[in-house]
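The structure appears right after this line, and notes come after that.
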């Protein structure tokens, strides 16, 4: 036990002494959350709006005026033919197109229902979702005003259509995503590098020739990075809640449990990598390209999983962050109970166990 | 009881035979030197004996424990100092020592007497990071760390490589002191002059021991008279020596060439011959052979066999 304790103290000393790395580890998550958070959260103002209005009646004029008066939109163009819609998007001059149905006012008066179509550029799903959201809000206001005026159940049916990417993802993705990314980076990359460094500098040779048990060596490498990761999770969540205004609707307990399990997955991955390579550079490359890239691509952080081809989605099932992010989303945003993410939690627990066992089995008690 | 015994150890890396059917024993309390050039297989041998590598064939025991089956037991009783400086450069002198003491389940206080002589010299720098020590101080720290748990057998792989001559001398004095405390020491070095300080010396080349003996006996057994040859034109001298038909071997050795003569050769004739080749200040005198001369002779003989 004293061996272990002394080893952990030594690890902490080495981490704290490497000020630059230390700073990166603690500050990077904060910067990432702020960057990603604000990049997504920043309200869009003065979005360029084009209108295709075949009916040109009093009601459509009123709605257009409302849009023009809104701080979110500038009415920049009136389209005359439907084909122009594609052209303005391709030209990149327009962010949102508002399309009225034919004979809008008469439909509204006689059928009590009229159709409006909102067309946004789905290549940026977050922005598109936000714009259609604003627009739907304005339309709802119009409807409320109409109800007062006519005293009849009028309904403007807003039909939202996203070009290029029909399913847009929630803007709250980034917090679970960043936590997943940061944990992968710190746990996997840092642990693997920390162990491989001992191999490279030759200290592993001395350690192996000592009575120190392999399990102790591994655990004492994990503990400091585990601690750092917990600090990071807490920082990111505090930022998310108090600065970004992202809610945590579900249970904090399960959030903690899931995070700890995921940290273990990442640590075990780091250990496994360290048993496979013998140079710090290769450890960095493997954890960088081998873990970071799949995490970014397949976790649903940036590219929605739903729009991926089946083969790639199948690969994404093996990316731990994908499951963790799903759990975090369910806990934080949806606020559902453990029954709803039981499967995801099970998957990462299984991953942790398998990876840990693999790392332990692969740990070499001798030099290769 | 033998502290270290190896029987028919062989190890190869691909096509390179690092160890070829090596057998030897080191008696308890012995200071055993393994002398050989780079690439002789010294480090491989050390790693097998310290249980860090598996031999392709053959067995080895350290302090009565098999290095494969009982590797845990072996690791409890040995001290090992690898060739490369392998302590934590980003920890201080004191932290390194403390760390290795606890790793071996002991404390600095418990075995301070063992390392006192060595450690006292670096103690003034105990708050300094190990990476910022000079070469000699690094070796002293590494030795302290390898000794702190009072090992039964101490393995030192080229402990003095890259260390200045004064520190080298100090270092060997410490080894002699440790030997008096009853610790068995197996040490490798490329420096032949250090060999004379060992109880027994194994001359190693190409993964084989060319000969094992006490340094004194090795030198006594040198079969020929050894001549040191010097002249004012040293750089030309080697070529001219080789041109002389009766010179059997000649090696550059510091300020002189060490030469053995065969057949009809005798020193007076050699001197006369060199003078006819335009050399001035020629000196030819008999000298006692050193371990290096023995090594050269042995490695030349095995070279001839090939």
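Chains as they are written, first to last, in our numbering: chain X, 5 to 372; chain H, 3 to 308. Heads up, the beta-carbon is just placed ideally off N, CA and C, and yes, glycines get one too.
Per DSSP, residue 232 of chain H is one residue of the beta strand (DSSP E) stretching across 228–232.
Rounded to whole angstroms, residue 244 of chain X and residue 250 of chain X show a C-alpha spacing of 5 Å. Taking a Cβ-Cβ cut-off of 9 Å, the neighbours of residue 18 of chain X in chain H comprise 90, 92, 93, given in sequence order. By the criterion of a C-beta distance shorter than 8 Å, residue 166 of chain H is surrounded in its chain by 137, 138, once the five residues flanking it on both sides are discounted. Per DSSP, the beta bridge partners of residue 52 of chain X are X:78.
When X:78, X:326, X:256, X:63 are compared, the shortest CA-CA separation from residue 242 of chain X is found for X:256. Counting of Cβ neighbours within 10 angstroms places residue 60 of chain X among the exposed residues, the total staying below 16.
The criterion of a C-beta distance shorter than 9 Å is satisfied by residue 38 of chain H and residue 192 of chain H. Taking a Cβ-Cβ cut-off of 8 Å, the neighbours of residue 215 of chain X in chain H comprise 74, 77, 78, 105, 106, 107, given in sequence order. Contact residues of the region 34–58 of chain H toward chain X are 49, 52, 53, 54, 55, 56 (C-beta to C-beta distance below 9 Å). The beta carbon of residue 370 of chain X lies closer than 8 Å to those of 212 in the same chain, with the five residues before and after it left out. The residue among H:246, H:114, H:55 with its C-alpha nearest the C-alpha of residue 146 of chain H is H:114. Close to chain X, meaning a Cβ-Cβ distance shorter than 9 Å, are the following residues of the region 122–143 of chain H: 131. With distances taken between CA atoms, residue 78 of chain H lies nearest to X:210 out of X:30, X:210, X:231. At a cut-off of 9 Å, the C-beta of residue 97 of chain H has a neighbouring C-beta in chain X.
A check of alpha carbon separations from residue 20 of chain H across H:26, H:27, H:50, H:31 identifies H:50 as the nearest.
Residue-level contact check: residue 207 of chain X touches chain H, since one or more beta carbons of chain H fall below 9 Å from its beta carbon. Residue X:325 holds the alpha-carbon nearest to the alpha-carbon of residue 266 of chain X among X:149, X:236, X:224, X:325.
Taking a cut-off of 8 Å on C-beta distances, the region 79–96 of chain H touches the region 198–207 of chain X, as three or more cross pairs fall below it. At least 9 Å separates the CB of residue 23 of chain X from every CB of chain H. Per the coordinates, the alpha-carbon of residue 358 of chain X lies some 47 Å from the alpha-carbon of residue 29 of chain H. Annotation: residue 208 of chain H is outside any beta strand (DSSP E) and is labelled neither H nor E by DSSP. Chain H places no beta carbon closer than 9 Å to that of residue 27 of chain X, leaving this residue out of the contacts. For the pair residue 274 of chain X and residue 328 of chain X, the CB atoms are not nearer than the 9 Å cut-off.
In the same chain as residue 128 of chain H, and ignoring 5 residues on each side of it, the C-beta atoms closer than 7 Å to its own belong to 94, 95, 96, in chain order.
For residue 82 of chain H, the chain X residues whose C-beta falls within less than 7 Å of its own C-beta are 210, 213, listed in chain order. In terms of beta-carbon proximity, residue 365 of chain X stays away from the interface with chain H, with every pair separated by 9 Å or more. Counting only residues of its own chain and dropping the five nearest sequence neighbours on each side, residue 280 of chain X has a CB closer than 8 Å to the CB of 290, 366. Look at residue 284 of chain X: its C-beta is not under 9 Å from any C-beta on chain H. Following the DSSP letters along the chain, one finds residue 237 of chain X inside the alpha helix (DSSP H) bounded by residues 218–243. Residue-level contact by beta carbon holds for residue 14 of chain X and chain H, with a gap shorter than 9 Å.
9 Å or more divides the Cβ of residue 349 of chain X from the Cβ of residue 270 of chain X.
Within the same chain, and ignoring the five residues on either side of residue 37 of chain X in sequence, the residues whose Cβ sits closer than 6 Å to its Cβ are 182, 240, 243.
Just so you know, the alpha carbons of residue 247 of chain X and residue 337 of chain X end up roughly 16 Å apart. Chain-ordered, the chain X residues with CB closer than 9 Å to the CB of residue 86 of chain H read 205, 206, 209. Three or more beta-carbon pairs separated by less than 8 Å link the region 233–242 of chain H to the region 281–294 of chain H, which places the two stretches in contact.
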